[in-house]
Amino acid sequence: MGNFLSLDAIYVALVFVVPGYIISSFRAHFITGQRLDGHDYFVRLLTLSALNFTLSGWTIYLAIAWNAEPVTRMLLWLLVLAVSPALIGFVSGLGSKAEWLRKVYGWLKLSPLHIIPTSWEYQFSTLSEAWVYVVLKDSTTFAGYWGGKSFASSRPEERDLLIEQVFEVPNDGPWTPTNKSVLIGSGEIRTVEFTPVERNKG
Numbered sequence: 001m002g003n004f005l006s007l008d009a010i011y012v013a014l015v016f017v018v019p020g021y022i023i024s025s026f027r028a029h030f031i032t033g034q035r036l037d038g039h040d041y042f043v044r045l046l047t048l049s050a051l052n053f054t055l056s057g058w059t060i061y062l063a064i065a066w067n068a069e070p071v072t073r074m075l076l077w078l079l080v081l082a083v084s085p086a087l088i089g090f091v092s093g094l095g096s097k098a099e100w101l102r103k104v105y106g107w108l109k110l111s112p113l114h115i116i117p118t119s120w121e122y123q124f125s126t127l128s129e130a131w132v133y134v135v136l137k138d139s140t141t142f143a144g145y146w147g148g149k150s151f152a153s154s155r156p157e158e159r160d161l162l163i164e165q166v167f168e169v170p171n172d173g174p175w176t177p178t179n180k181s182v183l184i185g186s187g188e189i190r191t192v193e194f195t196p197v198e199r200n201k202g
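Heads up: the sequence shown at position 128 corresponds to 128 in the UniProt record's numbering, and the numbers run straight through without jumps.
What follows is the structure in structure tokens.
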């Protein structure tokens, strides 16, 4: 059988696992997607790696057929194993974020399931800035500004929120800014209300 850490095993891992992991990692910068574990996640890595090898692996065979210099072969392997997967993940994530494929489905009068699994993840993945009003389960309320320094967890078991600037809300009057931020723990939130930030143009 040979040792698992043989050259063949390393080759298989580099070609059919690592590129898929790189694609998934770059894609995750834009969108969370469906969470897979164990066998299903491994199959996803194999599938993405196979896609990558289909798109870029032919360059390796050309290099072998043309007896390319070792440096050229090394650069092509770098292209196949790292550069190409990064580009695929970047374009795929960007396309999913912009919903390119969903727009095609809409043009075809189709209504597929959304790739983002929860409304929580969808809202916060597309939110750049807003006024937020959070009501907790004990009826405590927090109002604040949601911007680039705010954060919402994408982990199902940790639905916490970090609001970068808290505002005081009097019974009758405008919101008053404070120099405070607030971290609201998982499981405490009942509702979150969003109001778009209007900027004066001119």
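A virtual CB, placed ideally from N, CA and C, is assigned to each residue, including glycine.
Please read all numbers here as calculations on a predicted model, not as lab measurements.
Item	Value
At least three beta-carbon pairs within less than 8 Å, the stretch 92 to 108 to the stretch 148 to 168	no
Backbone secondary structure at Val83 - three-state DSSP	helix
Proximal residues to Val182 (C-beta, below 6 Å), its chain only, five neighbours per side dropped	Phe142, Ile163 and Val166
Spatially closest choice to residue 203 from Thr118, Pro117, Leu136 and Val80, by CA coordinates	Because residue 203 is not part of the residues shown, which for the chain are 1 to 202, the question remains open.
Own chain residues within Cβ distance below 6 Å of Trp131, not counting five before or after	Thr195
Simplified DSSP assignment, three categories, for Met1	Note that Met1 scores 47 on pLDDT, short of 50, meaning its location in the model is unreliable; the coordinates nonetheless yield the value given after this. Residue state, collapsed to three classes: coil.
Alpha-carbon to alpha-carbon, Ser24 and Ala82	12 Å
DSSP state of Phe167 mapped onto helix, strand, coil	strand
Run of the beta strand (DSSP E) containing Glu99, from where it starts to where it stops	From DSSP, Glu99 is part of no beta strand (DSSP E); its letter is neither H nor E.
Within-7 Å CB hit, Trp66 to chain D	Absent here is chain D; the protein component of the structure consists of one chain.
Tyr11 versus Tyr21 - alpha carbon distance	15 Å
Start-to-end residues for the beta strand (DSSP E) that takes in Phe194	Ile189 to Pro196
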